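Participant: Residue numbers (the numbering used here), protein chains in the order written: chain A, 17 to 129; chain B, 16 to 128. Before I ask anything, here is the structure I am working with.
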Amino acid sequence: QQQVKQSPQSLIVQKGGISIINCAYENTAFDYFPWYQQFPGKGPALLIAIRPDVSEKKEGRFTISFNKSAKQFSLHIMDSQPGDSATYFCAAPQFDSWGKLQFGAGTQVVVTP
Amino acid sequence: DVKVTQSSRYLVKRTGEKVFLECVQDMDHENMFWYRQDPGLGLRLIYFSYDVKMKEKGDIPEGYSVSREKKERFSLILESASTNQTSMYLCASSFSTGTDEQYFGPGTRLTVT
């Protein structure tokens, strides 16, 4: 099974600041890297995903950057808001099985007012 | 809206009991998943089902089994619950491919005493 290493484990950022979460993977069958967001008491939900042949994807204040040669991808949250306080999980496709994702350990983000 | 429902939000069982966790999705998804979520360990896949009566072991299948007799329903079974199975259990479903969004249920917090 492949490993997806996510850092940092937790992050405190002031309102308006930038939150950056990094992930590194070993091998994937294809380039698809989603980020899931989880609020307390809820299941995770897809936030943003990047697909093959693209090195960056932006949706509103959220941006994924992808470095294929380094096997790394990251999530940037610009102008962080208290409502962004949540746990964020990166994921990568499992190399040996179509349909399965390997998730990172998660990053708890706290945005202070 | 896609809906994934889990039979219980909270469950308390005794060591050695047989435990059933039920999950139902209403979007005719091919794939269904059972994850376990523990602090610092992220989401770990227990079992994956890609069709009725078809299943595949995930990363931590020991002590668990699954059943999928109907497309919309996926059950996780703890044959003989142990205290180290105290955790949050999340069910998810996705349409069919590895790049399809996974939709999560709200989770079941299981405590084994």
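Yeah, the Cβ is synthetic: ideal placement off N, Cα and C, and Gly gets one too. Quick caveat, the model's predicted, so the values are computed rather than measured.
Among B/T101, B/M103, B/K70 and B/P76, which one has its Cα closest to the Cα of B/R88?
Facilitator: The count along the second sequence starts at 1 and reaches residue 88 of chain B at position 73. Out of B/T101, B/M103, B/K70 and B/P76, B/K70 has the C-alpha closest to the C-alpha of B/R88.
Participant: Please tell me whether A/L63 has its Cβ less than 7 Å away from any Cβ of chain B.
Facilitator: Residue mapping note: residue 63 of chain A aligns to position 47 of the first sequence, counting from 1. False, the Cβ-Cβ gap to chain B never drops below 7 Å.
Participant: Can you tell me which of B/D53, B/S97, B/G57 and B/M47 puts its alpha carbon nearest to the alpha carbon of A/W51?
Facilitator: The count along the first sequence starts at 1 and reaches residue 51 of chain A at position 35. Comparing Cα positions, the closest option is B/G57.
Participant: Where do the ends of the beta strand (DSSP E) carrying B/M47 lie?
Facilitator: As a working note, residue 47 of chain B is residue 32 in the second sequence. Element bounds for B/M47: N46 to D53.
Participant: With a threshold of 7 Å between beta carbons, is A/P24 in contact with chain B?
Facilitator: On the first sequence, residue 24 of chain A is found 8 positions in, with the first residue counted as 1. So, not an interface residue.
Participant: So which of B/S108, B/V67, B/S80 and B/N46 has the shortest CA-CA distance to B/A96?
Facilitator: What you label residue 96 of chain B is simply residue 81 of the second sequence in a count that begins at 1. Of the candidates B/S108, B/V67, B/S80 and B/N46, the one whose C-alpha sits nearest the C-alpha of B/A96 is B/S80.
Participant: Roughly how many whole angstroms lie between the Cα atoms of A/K73 and B/E94?
Facilitator: The residue given as residue 73 of chain A occupies position 57 in the first sequence. The residue given as residue 94 of chain B occupies position 79 in the second sequence. In a straight line, the C-alpha of A/K73 is about 44 Å away from that of B/E94.
Participant: Going by the beta-carbon positions, is the gap between A/Y48 and A/V20 smaller than 7 Å?
Facilitator: Counted from its first residue, the first sequence places residue 48 of chain A at position 32. Counted from its first residue, the first sequence places residue 20 of chain A at position 4. Not a contact, by the Cβ cut-off of 7 Å.
Participant: Helix, strand or coil: how does DSSP classify B/D115 here?
Facilitator: Within the second sequence, the letter at position 100 stands for residue 115 of chain B. Correct three-state label for B/D115: coil.
Participant: Beta strand (DSSP E) containing B/E83: first to last residue?
Facilitator: By 1-based counting over the second sequence, the position of residue 83 of chain B is 68. According to the sequence displayed, residue 83 of chain B carries Arg and not Glu. Its beta strand (DSSP E) spans residues Y79 to K85.
Participant: Please confirm if A/Y104 has its CB atom under 7 Å from at least one CB of chain B.
Facilitator: Walking along the first sequence from the start, residue 104 of chain A turns up at place 88. Chain B, which has no Cβ nearer than 7 Å to the Cβ of A/Y104, makes this no.
Participant: Can you tell me where the beta strand (DSSP E) with B/L125 in it begins and where it stops?
Facilitator: For this step, residue 125 of chain B is matched to residue 110 along the second sequence. Taken as a continuous stretch (DSSP letters only), the beta strand (DSSP E) holding B/L125 covers T123 to V127.
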